[in-house]
Amino acid sequence: MLRRTFIALAATTAMATSAFADGHSKDIVDTAVEAGSFTTLVAAVEAAGLVDTLKGEGPFTVFAPTDEAFAALPEGTVEGLLADPEALSAILTYHVVPGKVMSTDLSDGMTAATVNGADVTIQTEGGVMVNDATVAAADVEASNGVIHVIDKVILPPS
-8 MLRRTFIALA
2 ATTAMATSAF
12 ADGHSKDIVD
22 TAVEAGSFTT
32 LVAAVEAAGL
42 VDTLKGEGPF
52 TVFAPTDEAF
62 AALPEGTVEG
72 LLADPEALSA
82 ILTYHVVPGK
92 VMSTDLSDGM
102 TAATVNGADV
112 TIQTEGGVMV
122 NDATVAAADV
132 EASNGVIHVI
142 DKVILPPS
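Residue numbers (the numbering used here): -8 to 149.
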């Protein structure tokens, strides 16, 4: 189940709309690949060995950082994580919540347990945020869950 969490990073608003126009037939991973602009996420999911998990039955809720979100990390961070599958998996699974949580299910100040085991905090006042990341696109449905696109990579507490 830990491995099912990560792929959700794959959808942007425009890409997600076309990817789901066919009735949500694509899983979280296929949606990310098809979008074409989530190369960092796809590479990370592959490096962490989470592809099969995220193609699984689910459902999963993925808070998916964009390529731009990964690019904003300090220089060398992504490369270091790709070389450390255990640390990479811990970060990726922090972006996944078991079950299908739509934006209408969220409330200000709520917490949600991630597949990683640590909680994320949701804020809904003045826009939806997960920890310190802003939700740029919500409720992108996939055959095995839902993706909420975020503008930052969120890191689990150390």
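From the three backbone atoms N, C-alpha and C, an ideal C-beta is built for every residue, glycine too.
According to DSSP, is residue i part of a helix, a strand, or is it coil?
| i | result |
| --- | --- |
| Phe29 | coil |
| Ala7 | Model confidence at Ala7 stands at a pLDDT of 38, short of 50, so the residue's coordinates are unreliable; what they give is reported in the following sentence. The answer is helix: DSSP assigns Ala7 an H, G or I state. |
| Thr70 | What sits at residue 70 in the sequence shown is Glu, not Thr. Three-state DSSP puts Glu70 in a helix. |
Residues in the same chain with beta-carbon distance under 6 Å from residue i, minus the five sequence neighbours each way, listed in chain order, please.
| i | result |
| --- | --- |
| Ala103 | Val88, Val111 |
Am I right that residue i and residue j are in contact with their C-beta atoms under 8 Å? What's the rounded C-beta distance?
| i | j | result |
| --- | --- | --- |
| Ile138 | Val131 | 4 Å |
| Leu73 | Ala38 | 5 Å |
| Gly136 | Val53 | 7 Å |
| Ile113 | Val106 | With 8 Å as the limit, Ile113 and Val106 do not qualify as a contact, their Cβ atoms being about 16 Å apart. |
| Pro65 | Gly90 | Incorrect: roughly 32 Å between the Cβ atoms, too far for contact. |
What do you reckon, are the CB atoms on residue i and residue j nearer than 8 Å?
| i | j | result |
| --- | --- | --- |
| Ala133 | Thr31 | no |
| Leu79 | Ala124 | no |
| Glu116 | Asp99 | yes |
| Lys46 | Val20 | yes |
Which residues in the same chain as residue i place their Cβ atom closer than 8 Å to its Cβ, once the five residues preceding and following it in sequence are excluded?
| i | result |
| --- | --- |
| Ser94 | Val119, Val126, Ala129, Asp130, His139 |
| Leu146 | Ile82, Tyr85 |
| Pro76 | Ala38, Ala39, Gly40 |
| Val92 | Thr52, Ala103, Val137 |
Cutting at 7 Å between CB atoms, please list the residues of its own chain near residue i, excluding the five before and the five after it.
| i | result |
| --- | --- |
| Val69 | Thr31, Phe61 |
| Ser16 | Ser134 |
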